[in-house]
Amino acid sequence: MKKVLVTVVIVTALAIVFLFGCKNSSKVAEDKKIKIGITVYDQYDTYVSELVKCFEDIAKDELDLVIYNASQSQQTQNTQVQKMIDDGCSVICVNLVDRTDPSAVIDKARKNNVPIIFFNRELVSGDIGRWNKLFYVGADAVQSGTMQGEMAAMSCITDKSIDKNGDGMIQFVMLEGEAGHQDSIVRSENSVNALIEAGIVLDRVGYAIANWNRAQAQTKMAQFLENYPGEIELVLANNDDMALGAIDAYDAAEIIGSDRPIILGVDGTDEGLKAVRDDKMIGTVYNDKEGQARAMFRLAKVLALGGDISELSEEFTVEDGKYIRLPYAKVTAGNVNKFMKK
Ligand code: GAL
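Under this note's numbering, residue 354 is the last one in the sequence shown; the count climbs by one each step, no gaps.
Take a look at the structure:
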């Protein structure tokens, strides 16, 4: 009898272990099976590619990822979204090519009940309101412009030699991102406003659209250097790649040291941070890719498992139940190491 009892206890114990074990491993298997699709507007965009790399690093052990490059074509991106739906993606992360034209993406998603996380390229509020399973992860463009202007102003106030011709004004050029992008015009405006608010008198020598692109920025900057030799005291670029393009133009023109203007960017890309560390850029504004990637990962998982977005509230603020915006941060030579280690 005792033997039978012992056997029953052992069998029961094994069954419990087996059941719990199974439950856990089937949970892991279930999570593993979650397929998340991503489509980016252009895989050669430095910041976006670093952001997606971050997302891959965070998500690859738990999610099955499919990543597409839309190569700057909204048509191609629409087709990719359909393909990801057909391939069984539970959630799709979309870095829109044309932020004013998300209709096809939204219609396909809604028809198939697949939630969409738009990121980095913000759609207008009328569009995001078209369905309750549309979300946006990004940052607040106003803040990035203001921070850039404040850093530039601080340099001008503390180092009078920046005003090379001593006319009491700062001659500057603005290198702008894509026309119509939420981060372009807003960064330019707020950067200039912050400088003016800090009491800096500005004299705009020129501005040029360089589409976030280093080579285009170099070409535009070379033109400015030819037209206004020795006059430019400050370069404000809407992103780091364009700031680096400006530096390339000075390198190519062999203008060195104190004959250069101060140059500021936004993003804190790997190359941008190095330029700050090496004193080629006076500062940049960190566009928190780790935070945005983490928000996308957590949101994608919650949506895929049919959970509630309130589960994210400990870590993120979700505005209007739809928007997660990560804060920017100022980066100078003084704190750049902290960001390089991220
Ligand atoms: C901005 C970023 C740019 C570029 C752009 C693409 O937020 O600062 O460098 O990546 O997004 O949408």
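Built from N, CA and C at the ideal position, the CB exists for glycine as well. Treat the numbers as computed from the prediction; the structure is a model and nothing was measured.
Residues that DSSP places opposite residue i in a beta bridge
{"i": "A249", "result": "L187"}
{"i": "E331", "result": "Y335"}
{"i": "Y298", "result": "D279, A341"}
{"i": "F131", "result": "V149"}
{"i": "N81", "result": "V52"}
{"i": "L214", "result": "I182"}
{"i": "K47", "result": "D76"}
{"i": "C105", "result": "I50, I129"}
{"i": "I221", "result": "E188"}
{"i": "I274", "result": "L246"}
Chain B within 7 Å of residue i, Cβ atoms only
{"i": "F236", "result": "No chain B is present in this structure, which holds just one protein chain."}
Straight-line gap, residue i to residue j (C-alpha atoms, nearest Å)
{"i": "A82", "j": "V93", "result": "10 Å"}
{"i": "D253", "j": "K353", "result": "20 Å"}
{"i": "I48", "j": "F184", "result": "44 Å"}
{"i": "L135", "j": "S85", "result": "16 Å"}
{"i": "A116", "j": "G303", "result": "28 Å"}
{"i": "G100", "j": "A121", "result": "12 Å"}
{"i": "T91", "j": "I268", "result": "49 Å"}
{"i": "S61", "j": "I182", "result": "34 Å"}
{"i": "N144", "j": "K65", "result": "28 Å"}
{"i": "D139", "j": "R133", "result": "13 Å"}
{"i": "W224", "j": "T58", "result": "9 Å"}
{"i": "R142", "j": "A227", "result": "38 Å"}
{"i": "V247", "j": "G318", "result": "48 Å"}
{"i": "G180", "j": "Q230", "result": "28 Å"}
{"i": "L63", "j": "K172", "result": "37 Å"}
{"i": "E162", "j": "D332", "result": "29 Å"}
heavy atom of ligand 2 below 6 Å from residue i C-beta
{"i": "D57", "result": "As for ligand 2, it is missing from this structure, which binds only ligand 1."}
Same chain only: Cβ atoms within 7 Å of residue i, ignoring 5 sequence neighbours per side
{"i": "I70", "result": "A305, R306, F309"}
{"i": "V330", "result": "I321, L324, I336"}
{"i": "I221", "result": "E188, A191"}
{"i": "Y298", "result": "G280, Y340, A341, V343, F351"}
{"i": "C34", "result": "Since pLDDT at C34 reaches only 34, below the 50 mark, its modelled position is unreliable, and the value read off the structure follows with that caveat. Same-chain partners within the cutoff: there are none."}
{"i": "V379", "result": "An answer regarding residue 379 cannot be provided, because it is not within the stretch 13 to 354 covered by the chain."}
{"i": "N251", "result": "Y59, G189, W224, G277, V278, D279"}
Residue from the options whose Cα sits closest to the Cα of residue i
{"i": "S200", "options": "I169, C168, A227, A249", "result": "A249"}
{"i": "S156", "options": "Q194, C66, D291, G141", "result": "Q194"}
{"i": "L256", "options": "G284, D271, Y240", "result": "G284"}
{"i": "V314", "options": "Y56, E74, K65, D98", "result": "E74"}
{"i": "Q55", "options": "I79, K45, F67, D98", "result": "I79"}
{"i": "D328", "options": "A341, V343, C66, L311", "result": "The sequence given here places Phe at residue 328; Asp does not occur at that position. Ranking the options by Cα distance to F328, first place goes to L311."}
{"i": "Q289", "options": "L338, V348, Q87", "result": "Rather than Gln, the amino acid found at residue 289 in this sequence is Arg. Measuring from the Cα of R289, the nearest candidate turns out to be V348."}
{"i": "V204", "options": "Q160, N177, N225, Q230", "result": "Q160"}
{"i": "T112", "options": "D98, D119, S137", "result": "S137"}
{"i": "R216", "options": "E245, S196, I197, K232", "result": "E245"}
{"i": "N177", "options": "R272, I50, A287", "result": "R272"}
{"i": "G242", "options": "M96, A229, E266, I50", "result": "E266"}
{"i": "L108", "options": "V52, A229, Q230", "result": "V52"}
{"i": "I46", "options": "F67, L77, E68", "result": "L77"}
{"i": "T110", "options": "K123, D98, Q87", "result": "It is worth fixing the name first, because residue 110 is Asp in this sequence and not Thr. Here the closest residue by C-alpha is Q87."}
{"i": "F147", "options": "K72, M163, P114", "result": "P114"}
6 Å Cβ shell around residue i - same chain, five flanking residues per side excluded
{"i": "K292", "result": "I259"}
{"i": "A165", "result": "L207, A210, I212"}
{"i": "A218", "result": "Going by the sequence as given, residue 218 is Gly instead of Ala. Excluding positions up to five away in sequence, the list reads V185, F236."}
{"i": "L338", "result": "A151, D300, G303, Q304"}
Residues near residue i in its chain [Cβ-Cβ closer than 8 Å; skip 5 each side]
{"i": "E42", "result": "With a pLDDT of 48 at E42, under the threshold of 50, the modelled position of that residue is not reliable, and no figure is offered here."}
{"i": "S167", "result": "I174, I274, I294, G295"}
{"i": "S37", "result": "Legend: pLDDT at S37 = 37, less than 50; position of this residue unreliable, value from coordinates given subsequently. Closer than 8 Å at the Cβ level, and outside the excluded window around S37, lies no residue."}
Give a yes or no on contact between the region 205-216 and the region 134-152, applying the rule of three or more CB pairs nearer than 8 Å. no
Can you find at least 3 beta carbon pairs, one from the region 98-106 and one from the region 119-134, that sit closer than 8 Å? yes
Would the region 230-242 count as touching the region 274-285 if we require 3 or more Cβ pairs under 8 Å? no
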